[in-house]
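Structure, as structure tokens:
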Amino acid sequence: MNASVNNIIQESDINYIETDKGNFQCSIAFSSIYNPKEFDFKKYPLINSTFLDGQLKPKKIFDEDKIRFMDFSVDQHQEIRFMYVLPFLKKCSFRVYFFGGEVMKNSDYEKR
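Okay, so the sequence shown: first residue is 1 according to the numbering used here, each after it adds one.
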């Protein structure tokens, strides 16, 4: 099913999920819905993340046994920004970009 979740109501033993395709109940619900109004950014700064394109097929060959972890060489733009490069084949890797501010356009990530 492809549906938009409008609301999740959690009670002690049941969760109610309201969607544009109907309402559902379950005993356990995991939600990654981001609502910035729920957070005090001054007290607890958050870092967002974006997975880029699923996989990258570069010309150079990756060492599958080495990752690039917390690479801060990307432009910071007055925020905290870093990325991971996680190779899973010699010519393919997942890229994960972490940032502290507004979500950028997809084309802006490719410049990093």
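Idealized CB from N, CA, C, for every residue including glycine.
Inset, instruction - Name the two residues that bound the continuous beta strand (DSSP E) containing asparagine 7. - result: In this chain, the beta strand (DSSP E) harbouring asparagine 7 covers 5–10.
Legend entry - Beta-carbon proximity check, phenylalanine 143 vs isoleucine 17, cutoff 7 Å: This structure does not reach residue 143, given that the chain is present from 1 up to 112, and the question cannot be answered.
Inset, instruction - Can you say whether serine 93 is buried or exposed, counting buried as having 16 or more other CB atoms within 10 angstroms of its CB? - result: Taking a 10 Å sphere around the C-beta of serine 93, we find 16 or more other C-beta atoms and assign the residue as buried.
Legend entry - Distance, arginine 95 Cα to aspartate 63 Cα: Rounded to the nearest whole angstrom, the CA to CA distance from aspartate 63 to arginine 95 is 15 Å.
Legend entry - Distance, tyrosine 97 Cα to proline 87 Cα: Rounded to the nearest angstrom, the two C-alpha atoms are 14 Å apart.
Legend entry - From Phe72, Met83, Gln76, Lys66, residue whose alpha carbon lies closest to that of leucine 89: Considering only Phe72, Met83, Gln76, Lys66, the residue with the shortest C-alpha distance to leucine 89 is Lys66.
Legend entry - Per-residue DSSP class, three states only, for glutamate 38: Here glutamate 38 sits in helix by DSSP.
Legend entry - Local conformation of phenylalanine 24 per DSSP, three classes: Phenylalanine 24 falls in the strand class under three-state DSSP.
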